[in-house]
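Notes follow the structure.
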Amino acid sequence: MPVSRIAVGSHREVYEVGALKAALAEFISTLIFVFAGQGSGMAFSKLSPDGAATPAGLISAAIAHAFALFVAVSVGANISGGHVNPAVTFGAFVGGNITLFRGLLYWIAQLLGSTAACFLLRFSTGGLPTGTFGLTGIGAWEAVVLEIVMTFGLVYTVYATAVDPKKGSLGTIAPIAIGFIVGANILVGGAFSGASMNPAVSFGPALVSWEWGYQWVYWVGPLIGGGLAGVIYELLFISLVCFESISPGIRRSVGQSSQFVVRAWSCKSVDDLDLG
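Take a look at the structure:
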């Protein structure tokens, strides 16, 4: 069970060269993602006043975030796993795929990457404000549910295409699938909650603009959704391994007999398997 494999790790991890390189990769990947995602929204608003609130603005945001996340995950995958998202890191932690100390190191890198991207955008655009996340037409708890569902879909996709050891060649399209699900979810939730699915994405603009309204929504929702996806996928599809056993049988009828095959399935937890 995932809970039995959750590891705290050691504080010494944060000083290891490999962990520091992974954190730097998370910083750079998150900076790339937020710079492109936020920057596209700022550019669209400059070219078309109030344009970000139009259907064209929503489609533009979905495409920009999908493309940027595809690249950000791709460039970080071989170094840090390409999380680019505290909710993904949390989902990996509760699934037993990353230690607490390494996960916290990732979180710090991701938040710093998002903040750096927003500061760079504000400076390089002559002081244009970065777009902060807010609610439109829904309450805070409705937004939490929306963020839970969208982030669940995102982290479930991460597990299915990148974490699952049975993924095979499917792993080669993981960055594309992850980018696509984020783009699709922006089309769903962008008009209501902004479709964050990523605490780092909402933290950077809030810090730079110093606007913290409903910031908790973009932590509670994604972390619950990411955690649920990690536990469910790890418990049901990775930790629980099923085997098919085949044995011969004989069917008897009046005056004749014939052979047939009996197929039976049995499932065990990975922790119960004898791998020696």
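Heads up: the sequence shown begins at 695 in my numbering, then just goes up one per residue. A virtual CB, placed ideally from N, CA and C, is assigned to each residue, including glycine.
Backbone CA spacing between residue i and residue j [nearest angstrom]
i	j	result
Ala923	Lys740	38 Å
Leu822	Cys812	10 Å
Phe937	Gly775	Below a pLDDT of 50, predicted positions are generally treated as unreliable, and Phe937, at 48, falls in that range; no measurement from the model is reported.
Gly789	Trp906	30 Å
Glu836	Asn779	22 Å
Gly733	Ala766	15 Å
Gly970	Ile870	Because the pLDDT at Gly970 is just 40, under 50, the model does not fix this residue reliably, and the value given afterwards should be weighed accordingly. Rounded to the nearest angstrom, the two C-alpha atoms are 37 Å apart.
Arg946	Leu929	Interpretation of Arg946 is limited by its pLDDT of 49, a score under 50 that renders its predicted location unreliable; no figure is taken from the coordinates.
Leu917	Pro743	33 Å
Cβ neighbours of residue i in the same chain (closer than 7 Å, five flanking residues each side left out)
i	result
Ile875	Gly847, Leu848, Thr851
Gly877	Ala756, Ile757, His759, Ala760
Asp858	Phe931, Ile932
Residue i vs residue j beta-carbon contact at 9 Å
i	j	result
Ile832	Ser887	yes
Ala737	Pro893	no
Thr826	Ala900	yes
Thr824	Ser903	yes
Tyr927	Tyr853	yes
Ala701	Thr793	yes
Asn879	Ala889	yes
Gly920	Gly820	no
Thr724	Ser818	no
Ala834	Tyr908	yes
Leu763	Gly873	yes
Val994	Ala719	Any property of residue 994 remains undetermined from this structure, which presents the chain solely from 695 to 970.
Same chain, Cβ closer than 8 Å to residue i, five either side skipped, listed in chain order
i	result
Phe972	Because the chain is modelled from 695 through 970, residue 972 falls outside the range shown and cannot be assessed.
Problem - Whole alpha helix (DSSP H) elements within the region 845-898, 4-residue minimum - result: 868-883
Handout entry: Secondary structure, alpha helix (DSSP H): runs of 4+ residues fully inside the region 790-828
Key = 794-818, all fully within the region 790-828.
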